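Here's the structure, in structure tokens; my notes come after.
Residue numbers (the numbering used here), protein chains in the order written: chain B, 1 to 282; chain Z, 1 to 261; chain F, 1 to 224.
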């Protein structure tokens, strides 16, 4: 018979192996990307537009395009998402309307991203006449991220103890003063973390932007929200499926840059959360 | 006994409820409660859990409004004016009738910002004024000496007893007339409790205090008048001394001598 | 029923008070019998047995104090315990008076009595009745009975005055009776004091039952 201690050790050992197996794909993907892509990351690659049907030159317009789309997404999704969450948690009482909103949010979260793309094309590009543009792309990506932002913001607001709200109301504060001065500051780190993670995800999406904002090639940088842009995910898609004779190295280099941008955003989320938490405890 | 009666019986009614009924989603939580609250006294509300004493307390500053599905009948008067009249803004009312909760609930901000919170939302912006209010409130709550060197540190670093006095200081900072306390010492150790009771005693000369407590010895120690609640009704109200030595009603007696159930 | 051990202690306290009352009532009875029959042995016994009363008094007192400190009694319980504490003292004093009477009986010894004793035994009888009625009122929570008990004190006071006048006259007529007259006068005085303490019992028992504090009898004659 196995002794208790031995069983315990065997159990932990098995768990450790499983955990390791989960880490393996992540590490190998990143490792492989770096292995192949790293040599491509030259100054020229990062700062020059592509040349010769994307087979040479850099990806600078795509980097800028992705960043512009991300900023646009933030501008669309954050106010809308946080506002909705505040309304749902702090103001509305449970009724038919709020139930409808919740059902809508849940369903939005389950919609495939290509459908967003088609919707964005129909709604923003054609109906609203924005054309294939930064604005249409940001709006589409904004709607795509909205469910994540609303639900993380809602959770963050619900996690704020009611005792804070009661204390504030009992001091003669209005609901808005209470939300603005007590509830939001407490919930903000979690809201921002959730939002940034959601937007980071959106930054890597291809389908929603291929009909609404992105073009295969433009050497121009956007100077208004009505301009078309290049974007990293779409660029990747294009060079790996539609353009012949692109070196593997360039594709991996672009992927590495995209990964770095998303990774940097996640890092920012972590930093914000830790900083604000520390500040509150001091 | 007689002396006590003469001492506070003559005080005017700062607040008063008349035939107050409160319904919560079809359940009647308060039944015909008529109770005077004398100015510059401490009124204690006692009774078993779920007897309606905390609910009653919250009707006095309309904190029940925050809860869905409550409906009120009867009158609640502050200085002889109904606080449930259409013209009354609960936000303005709550400035006059402050509240201290069961668990200390300082905001996750500095001690200074906690105290200045109320004055700020009521429009005080000048730094000098705020400094003065913060100091005076902390002094009145007997906390100044303990925190004056760390006003800009987080309030969450204070002990439970200090937090509860901080919360009282925060209430004092909006200059209320009545202070409602919902089991303010239930989360405190005996020494912090004693300090809190001393504080209540001091505050009495400037404020009218209503305290809900599970601890009968505490009610006996701090209050001038006591109301006994049972199943949503106010069974007996009298001078505290009378309630605890010779209550008129048997149910009161059974409760305070521990012969319940 | 909650607080069971507290309830048990309260009923033990009640029994102790009853026992105290019985001892005191007996002591008064025996002292009176010893006086009338000039039974020195019996008088001796009363003096000896007073120690039991004193011991019981101490026990009751410490029990009351610890109940007050440890149980923080309220309302009815508070009134009961404070009443026990008060009447405990009154009963003990009454026991002391019975002992004092017995000591005088021993001093008179077997010398012939200067007069037939009628009023003094009657006073003792009334005092016993007061104790008995009060103890019944204490147990049965009977306010009227306690009030009735206190009423006997008036008769005791009247008998005391009679005895006083009678003995004063006797002493004036015949100087040889002075010594025994003074002894008997002391006994009358002690019995009258017992009546006053018995009145205190009534007052406290009524307080215990209803919470009202009454002034029964002539309180100015009560030695604190």
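For glycine and all other residues, C-beta sits at the position ideal for the given N, C-alpha and C. All figures in this text were calculated on a predicted structure; none of them were measured in a lab.
Minimum Cβ-Cβ distance from residue i to chain B less than 8 Å
i, result
"residue 165 of chain Z", "no"
"residue 171 of chain Z", "yes"
"residue 148 of chain Z", "no"
"residue 92 of chain Z", "yes"
"residue 98 of chain Z", "yes"
"residue 95 of chain Z", "yes"
Residue i and residue j closer than 8 Å at C-beta
i, j, result
"residue 120 of chain B", "residue 140 of chain B", "yes"
"residue 19 of chain Z", "residue 34 of chain Z", "yes"
"residue 192 of chain Z", "residue 154 of chain Z", "no"
"residue 233 of chain Z", "residue 249 of chain Z", "no"
"residue 39 of chain B", "residue 105 of chain B", "no"
"residue 37 of chain B", "residue 228 of chain B", "no"
"residue 166 of chain B", "residue 107 of chain Z", "no"
"residue 224 of chain Z", "residue 41 of chain Z", "yes"
"residue 246 of chain Z", "residue 75 of chain F", "yes"
"residue 230 of chain Z", "residue 48 of chain Z", "yes"
"residue 276 of chain B", "residue 65 of chain B", "no"
"residue 104 of chain Z", "residue 160 of chain Z", "yes"
"residue 115 of chain Z", "residue 138 of chain Z", "yes"
"residue 60 of chain F", "residue 20 of chain F", "yes"
"residue 150 of chain B", "residue 85 of chain B", "yes"
"residue 133 of chain Z", "residue 173 of chain Z", "yes"
"residue 226 of chain Z", "residue 208 of chain Z", "no"
"residue 81 of chain B", "residue 153 of chain B", "yes"
"residue 195 of chain B", "residue 78 of chain B", "yes"
"residue 148 of chain F", "residue 133 of chain F", "yes"
"residue 72 of chain Z", "residue 59 of chain Z", "yes"
"residue 35 of chain F", "residue 187 of chain F", "yes"
Any C-beta of chain Z under 8 Å from that of residue i
i, result
"residue 173 of chain B", "yes"
"residue 156 of chain B", "no"
"residue 109 of chain F", "no"
"residue 88 of chain B", "no"
"residue 14 of chain F", "no"
"residue 91 of chain B", "no"
"residue 169 of chain B", "yes"
"residue 163 of chain B", "yes"
"residue 166 of chain B", "yes"
"residue 211 of chain F", "yes"
"residue 3 of chain F", "yes"
"residue 182 of chain B", "yes"
"residue 225 of chain B", "no"
"residue 186 of chain B", "yes"
For residue j and residue i, believed in contact at Cβ under 8 Å, the rounded distance
i, j, result
"residue 24 of chain F", "residue 131 of chain F", "6 Å"
"residue 32 of chain F", "residue 121 of chain F", "5 Å"
"residue 85 of chain F", "residue 64 of chain F", "4 Å"
"residue 290 of chain Z", "residue 98 of chain Z", "There is simply no residue 290 of chain Z to check, as chain Z begins at 1 and stops at 261 in what is shown."
"residue 136 of chain B", "residue 125 of chain B", "5 Å"
"residue 98 of chain B", "residue 108 of chain B", "Contact flag wrong, Cβ pair sits at about 15 Å."
"residue 116 of chain B", "residue 208 of chain B", "4 Å"
"residue 134 of chain B", "residue 72 of chain B", "6 Å"
Below-8 Å beta-carbon distance, residue i vs any chain F residue
i, result
"residue 217 of chain Z", "yes"
"residue 232 of chain Z", "no"
"residue 227 of chain Z", "no"
"residue 4 of chain Z", "Below a pLDDT of 50, predicted positions are generally treated as unreliable, and residue 4 of chain Z, at 48, falls in that range; no measurement from the model is reported."
"residue 26 of chain Z", "no"
"residue 258 of chain Z", "yes"
Residue i beta carbon near the ligand MG (any heavy atom closer than 7 Å)
i, result
"residue 193 of chain B", "Absence of the ligand MG from the depicted structure is noted, as is the absence of any ligand whatsoever, leaving it without description."
| Under 8 Å (Cβ pairs) to chain Z, residues found in the region 71-84 of chain F | 72, 73, 74, 75, 76, 77, 78 and 79
| query | Listed from N- to C-terminal order along the chain, which residues in the region 60-82 of chain Z have their beta-carbon within a distance smaller than 7 Å of any beta-carbon of chain B? | reply | 61, 63, 66 and 68
| query | Just by C-beta distance, which residues in the region 103-129 of chain Z are closer than 7 Å to chain B? | reply | 103, 105, 107, 108, 117, 118, 121 and 122
| alpha helix (DSSP H) runs contained entirely in the region 191-275 of chain B, provided each spans 4 or more residues | 207-210 and 232-241
| What are the uninterrupted segments assigned as alpha helix (DSSP H) that are 4 or more residues long and contained completely in the region 133-176 of chain B, given in chain order? | 134-158 and 162-170
| message | I'd like the ranges of any beta strand (DSSP E) spanning at least 3 consecutive residues and lying wholly in the region 202-233 of chain Z. | response | 208-212 and 225-230
| query | Going along the chain, which residues of the region 238-256 of chain Z sit with their C-beta nearer than 7 Å to a C-beta in chain F? | reply | 244, 245, 246, 247, 253 and 256
| query | Which whole runs of the alpha helix (DSSP H) in the region 36-108 of chain F are 4 residues long or more, in chain order? | reply | 40-71 and 75-108
| said: Beta carbons nearer than 7 Å to chain F: which residues of the region 39-62 of chain Z have them? | reply: none
| request: Below 8 Å between beta carbons is the criterion; list the residues of the region 174-194 of chain Z that meet it against any residue of chain B, in chain order. | output: 174
| query | In chain order, which beta strand (DSSP E) runs of at least 3 residues are fully inside the region 55-125 of chain Z? | reply | 70-78 and 97-100
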